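> Residue numbers (my numbering), protein chains in the order written: chain A, 4 to 118; chain B, 22 to 136. Even for Gly, the Cβ is constructed at its ideal location relative to N, Cα and C. Remember, predicted model here, so these are calculated numbers, not experimental data. Here's a structure for you.
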């Protein structure tokens, strides 16, 4: 079955530690995205990648970093510089971000809690 | 800039209708609609393109008024399964009409359908 997987589902980290969230897709999609969702709020774009080896900052990139070395993988690192990292993180992918009719497929999410 | 959704919450009985609105202060190339169940990933409903036709997904339809920079989602004869949070995602475009490649989501509308 094709889809997007995120791991782990729940993650706890101590303040001051970096942590990396995994996102893998086997849909052969070119574009991948990372969103952050806080309670009662919409999805805010952290980073996105239209093609392998390239990525752009979204609206709230500060304190986060990404890499796109492989088409199927787009890991997100939450660094200690992120002042309020506790949130629900969603990864998504789409066939071709240049197309307006490009539907995004979401992974199940990772809930990060900073203790 | 984040699109504004209204209302923030709707409570319905099965079989009733509802309308959710999404307004943007910027010119839009497309509007995407997603539904999210509590603790789950958003699921794609439909995309409306500039100059395109009104779309429909089962008993859910949507329209896109380019001049007013608004989209509306119409839920007809609601079912229990329609409960969830509905998000619109808007996408701008350059003069040539190519998508910028990223969505900006509204804050969401919580829809609750009771038996």
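Please report how far the alpha carbon of residue 26 of chain B lies from the alpha carbon of residue 109 of chain A, in whole angstroms.
21 Å
> Would you check if there are 3 or more beta carbon pairs closer than 8 Å linking the stretch 86-102 of chain A to the stretch 91-103 of chain B?
no
> Grab the span of the beta strand (DSSP E) containing residue 60 of chain A for me, first residue to last.
57-60
> Who are the Cβ neighbours of residue 116 of chain B in its own chain at under 6 Å, not counting the five residues just before and after it?
Confidence at residue 116 of chain B is low in this model, with a pLDDT of 46, below 50, so the placement of that residue is unreliable and no value is reported for it.
> Nearest CA to the CA of residue 63 of chain B: which residue from B:22, B:103, B:136 and B:135?
B:103
> Quick check on the DSSP output: what are the complete beta strand (DSSP E) runs of length 3 or more inside the stretch 4-32 of chain A, in order along the chain?
7-10, 13-16 and 22-28
> Using beta carbons (cut-off 8 Å, strictly below), is residue 132 of chain B in contact with chain A?
no
> DSSP on residue 101 of chain B, reduced to helix/strand/coil?
helix
> Using the C-alpha atoms, what's the distance from residue 49 of chain A back to residue 80 of chain A?
Rounded to whole angstroms, the gap between the alpha carbons of residue 80 of chain A and residue 49 of chain A is 11 Å.
> Between which two residues does the beta strand (DSSP E) harbouring residue 114 of chain A extend?
113-117
> Would you verify that the beta carbon of residue 68 of chain B is, or is not, closer than 8 Å to some beta carbon of chain A?
yes
> Closer than 8 Å by C-beta to residue 56 of chain A: which residues in its own chain qualify, once you throw out the five before and the five after it? Chain order, please.
71 and 72
> Which residues in chain A have a C-beta closer than 9 Å to the C-beta of residue 90 of chain B? List them in chain order.
Within chain A, no residue comes near residue 90 of chain B; the closest Cβ sits about 15 Å away, beyond 9 Å.
> Residue 45 of chain A and residue 85 of chain B - do their beta-carbons sit closer together than 8 Å?
no
> Determine the DSSP secondary structure at residue 93 of chain A, reduced to helix, strand or coil.
In the structure shown, residue 93 of chain A sits in a strand (DSSP, three-state: E or B).
> Grouping DSSP H, G and I as helix and E and B as strand, with all else coil, what is residue 59 of chain B?
coil
> Any residues in the stretch 45-62 of chain A with a beta carbon nearer than 9 Å to a beta carbon of chain B? Which ones, in chain order?
Per Cβ criterion, the list reads 45, 46, 47, 48, 51, 53, 59, 61 and 62.
> Per DSSP, what kind of secondary structure is residue 34 of chain A in: helix, strand or coil?
strand
> For the beta strand (DSSP E) that contains residue 131 of chain B, what are its first and last residues?
130-135
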